[in-house]
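Structure first, commentary second.
Numbering (the working numbering), first residue to last: 6 to 190.
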């Protein structure tokens, strides 16, 4: 992951590979299961820093190296549409990325498409506390139209579509990749 601590990485990529065609901004950390108003300020700061601020700083570093017609894909979460009480602050930060996508799509419209994928639950280390519990996993799977969790391939395919020329007339949109779960604000 490119993080705030690796500022300048885009310059090296630009020199080695030429102009950048696609950037996928994928910053996330849940950090807390506290209720929103019970979350410590230091935890709030860390969540905003990683989930929102780092996304902006990464893009700020990379955008000067994008070719005209490039694509940015920002990753959000189903939690931005359906805040789960156990990760509510995480959901709030991911909702901010929906707004960032809309704002950047307008700001960058003539040169770059900006879209978002809102990911559903995928069995990764990030989701181990949920997916390693068979009863909890089954309960979540039953709430989905497809009766299964997503895969990393499902998520990558969605990002690749939005980054591709097949999505050349799509900008400022959020694509739900969440097994048919309810997904409107």
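The beta carbon of each residue, even a glycine, is placed where N, CA and C say it ideally should be. If you're wondering where the values come from, they're calculated on a predicted model, not measured in any experiment.
Item                                                                                          : Value
Coil, strand or helix - residue 29 by DSSP                                                    : strand
Paired residues, beta bridge with residue 120 - DSSP                                          : 78
Reduced DSSP secondary structure (H/G/I, E/B, other) of residue 73                            : strand
Proximity to residue 78 [Cα-Cα], best of 32, 153, 150, 139                                    : 32
Residue range of the beta strand (DSSP E) that includes residue 179                           : 179-182
Same chain, Cβ closer than 7 Å to residue 99, five either side skipped, listed in chain order : 56, 81, 82, 84, 85
Nearest candidate by alpha-carbon position, reference residue 156, set 177, 89, 126, 144      : 126
Simplified DSSP state of residue 95, which is helix, strand or coil                           : helix
Cα-Cα separation, residue 170 to residue 121                                                  : 16 Å
Spatially closest choice to residue 65 from 180, 103, 128, 28, by CA coordinates              : 28
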